[in-house]
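Below you'll find the structure, written out as structure tokens, and then a few comments.
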Amino acid sequence: MVSTNYAPEHAGIGPYATQVAEHWAAGGAEVHVLAGMPHYPAWRVDPEYAGVWRRQEERGGVRVHRRRHTVPARQSALRRAVFEASLLGHGLLAPPVMGRPDAVVAQLPSLAGGVLGARLARRYGVPYVPVVQDLMGAAAAQSGIRGGGRVASLAGSAEAYALRRATLVGVIHESFVPKVAALGVPEERIRVVPNWSHVPGPSRSREESRARLGWRPGQTVLLHSGNMGLKQGLEVLVETARLDPALLVVLMGDGNQRSRLRELAGSLPNLRFEPPAAEADFPDVLAAADVLAVTQRASVLDMSVPSKLTSYFAAGRPVVASVAAAGGTAQEVERSGAGVVVPPEDPRILLDAVRALADDPDRADALGARGPVYVRERLSRAAGLARMDALLAEALGGKRTQEPMAGVAREAGPDDGGADDEGTQGQ
């Protein structure tokens with residue numbers, strides 16, 4: 000497997016890559032992972048890996064080969080290009096030392112990872128299976144990254160290079176299929192392999208958790224958990240807090256936009272910035288909120304579906320999605336029945352939706368209750384890993400187990416809604 004992000008990263012794509020690799024290792028396979036240095040979502044290298052150029056380690060029965068790369072503290076198209084180039088260069092210079100694999104799997108959006116995966120598979124003459132978590136070409140155009148418009152075409156070309164060489168291409172949401180097909184991948188080679196919920200439900204009462212967090216009884220709490228990046232458009236939550244001093248808005252997580260959001264917030268007393276919750280506490284923190292927020296810039300349509308949704312649904316609280324109605328995120332919230340969708344980048348409408356739920360607790364509880372049901376029916380880890388097993392087995396010459404264009408709602412077994420810059424703690 001080639002995946003820039005891997006454990007101990009607890010957010011974004013890392014948890015999914017880790018769980019798949021460890022699942023295959025537990026089944027008796029010899030699994031190697033070519034990964035970067037842990038840095039996400041803070042976009043700072045984990046202190047344990049500071050100054051390390053290469054490292055080989057064993058994690059959960061998996062042999063992880065790490066290669067050093069740049070880590071841009073601030074995001075721009077140029078810095079992202081240097082990041083990808085350093086991943087690609089070091090991966091080409093020092094590929095993993097191992098025997099001939101049966102297959103190569105890559106986790107995208109890393110363009111470098113996609114190209115490295117394709118080249119490794121070609122070198123060994125084995126099937127190549129990229130799994131698209133985000134679309135980088137579309138991301139460059141839609142996320143608002145500085146200079147992104149100029150590099151969208153180049154990123155799309157690199158994606159096309161990696162995906163066209165695949166035996167099969169996995170995508171985490173059916174809304175990605177047209178984009179991947181437009182890159183030159185025949186639709187009959189595309190499979191929908193949704194992500195899954197990998198956090199348990201809450202273990203404490205909401206009252207106990209709120210007391211521990213210092214949230215007052217009767218105070219409406221709007222919580223966003225996960226990556227604080229450009230595509231999230233979290234400015235809308237800062238302005239929502241500014242509109243209603245009685246509302247407590249909590250931004251929990253890390254990311255390259257955190258400091259800028261702090262500057263924008265100034266001294267707002269009803270806006271709190273919190274670090275990512277401890278793994279054991281995370282489900283209880285989510286469940287303690289009144290409303291869970293997922294936000295995206297208006298331009299984000301078909302390049303990402305935040306994996307935070309899987310955790311939100313498991314928490315049993317209503318979701319308000321401030322996202323484009325035509326995108327995959329809106330589709331997933333509506334399909335779950337666990338929340339409401341409002342236009343993006345409009346703090347007044349977002350506030351009205353939150354207040355409507357706070358004023359109608361029965362409706363809020365009813366929406367929230369649909370989340371865990373959706374998780375049980377469609378987002379189980381067992382079902383998600385089984386889909387990855389089926390994808391790999393088919394690439395190795397096995398029988399197809401699903402229709403290539405089947406949507407999540409129509410596929411047999413549990414499904415999910417996708418990932419963004421998050422994972423265990425959302426994106």
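Per numbering that gives the first Met the number 0, the very first residue in the sequence shown carries number 0; after that it's consecutive.
Virtual Cβ for every residue (Gly too), placed ideally from N, Cα, C.
In the structure shown, what three-state DSSP assignment does residue i receive?
i	result
Gln-401	Note that Gln-401 has pLDDT 49, beneath the 50 cutoff, so the model's placement of it is unreliable and no number is given.
Gln-55	strand
His-22	helix
Gly-338	strand
Arg-316	coil
Met-387	helix
Ala-105	strand
Val-249	strand
Leu-33	strand
Ala-292	strand
Ile-171	coil
Tyr-5	coil
Asp-443	Within the shown structure, residues of the chain are numbered from 0 to 426, placing residue 443 beyond reach of any answer.
Tyr-39	coil
Met-0	coil
Val-96	coil
Val-191	strand
Ser-306	coil
Ser-156	helix
Ser-142	Residue placement at Ser-142 cannot be trusted, given a pLDDT of 49 that sits under 50; what the coordinates show is reported in the next sentence. Residue state, collapsed to three classes: coil.
Just the C-alpha distance for residue i and residue j, rounded to the nearest angstrom, thanks.
i	j	result
Pro-275	Leu-285	11 Å
Gly-327	His-172	7 Å
Ser-266	Arg-296	24 Å
Glu-8	Glu-187	34 Å
His-31	Ala-111	17 Å
Val-179	Arg-203	42 Å
Tyr-437	Ala-41	The question about residue 437 has no answer here: the residues shown for the chain are numbered 0 through 426.
Leu-291	Val-319	6 Å
Ser-306	Ser-196	8 Å
Gly-116	Ala-210	48 Å
Phe-272	Gly-228	14 Å
Val-81	Gly-60	32 Å
Ala-76	Glu-206	45 Å
Ser-85	Arg-54	16 Å
Pro-185	Trp-52	39 Å
Gly-169	Val-237	36 Å
Gln-330	Val-192	16 Å
Asp-359	Ile-12	36 Å
Leu-233	Leu-263	11 Å
Arg-261	Val-1	35 Å
Gly-336	Ala-240	26 Å
Ala-382	Leu-391	14 Å
Arg-164	Ser-379	30 Å
Ala-443	Gly-396	In the structure displayed, the chain extends from 0 to 426; residue 443 sits before or after that span and is not available.
Gly-431	Arg-375	Beyond the ends of the chain as shown, which are 0 and 426, falls residue 431; an answer cannot be given.
Tyr-15	Arg-99	24 Å
Glu-83	Ala-157	11 Å
Asp-101	Leu-167	14 Å
Ala-363	Ala-357	7 Å
Gly-50	Glu-56	16 Å
Could you give the residue range of the beta strand (DSSP E) that holds residue i?
i	result
Phe-272	270-273
Ala-84	Run containing Ala-84: none in the beta strand (DSSP E); it sits in the alpha helix (DSSP H), 76-92.
Leu-119	Note, Leu-119: premise wrong, no beta strand (DSSP E); alpha helix (DSSP H) at 110-123.
Ala-224	In the sequence under discussion, the amino acid at residue 224 is Ser, which differs from the Ala named in the question. Per DSSP, Ser-224 belongs to the beta strand (DSSP E) from 220-224.
His-64	61-66
Mind checking which residues open and close the alpha helix (DSSP H) that includes residue i?
i	result
Pro-177	176-181
Ile-12	Counting along the chain, Ile-12 falls outside any alpha helix (DSSP H), and DSSP gives it neither H nor E.
Pro-129	Element bounds for Pro-129: not the alpha helix (DSSP H) but the beta strand (DSSP E), 127-131.
Arg-211	205-212
Val-198	That residue, Val-198, is in no alpha helix (DSSP H); it is neither H nor E in DSSP.
Arg-369	360-377
Val-237	234-242
Arg-257	257-264
task: Report yes or no: do three or more beta-carbon pairs, one from the region 244-261 and one from the region 204-221, lie closer than 8 Å?
output: The region 244-261 makes contact with the region 204-221, as at least three CB pairs between them are under 8 Å.
- prompt: So, do the region 113-126 and the region 84-102 have three or more beta carbon pairs nearer to each other than 8 Å?
  reply: Output reads yes: the region 84-102 touches the region 113-126.
message: So, does the region 316-331 touch the region 249-261, judging by three or more C-beta pairs under 8 Å?
response: Here the region 316-331 makes no contact with the region 249-261; the two share fewer than three CB pairs at distances below 8 Å.
query: Can you find at least 3 beta carbon pairs, one from the region 307-318 and one from the region 341-350, that sit closer than 8 Å?
result: Because the criterion of three Cβ pairs below 8 Å is not met, the region 307-318 and the region 341-350 do not touch.
message: Measuring CB atoms only, is the region 68-86 touching the region 41-55, in the sense that at least three cross pairs come out at less than 8 Å?
response: Contact check between the region 68-86 and the region 41-55: three or more CB pairs, one atom from each, fall below 8 Å, which counts as touching.
- prompt: Should the region 376-391 be regarded as contacting the region 16-23, the criterion being three or more beta carbon pairs within less than 8 Å?
  reply: At 8 Å Cβ cutoff, the stretches touch.
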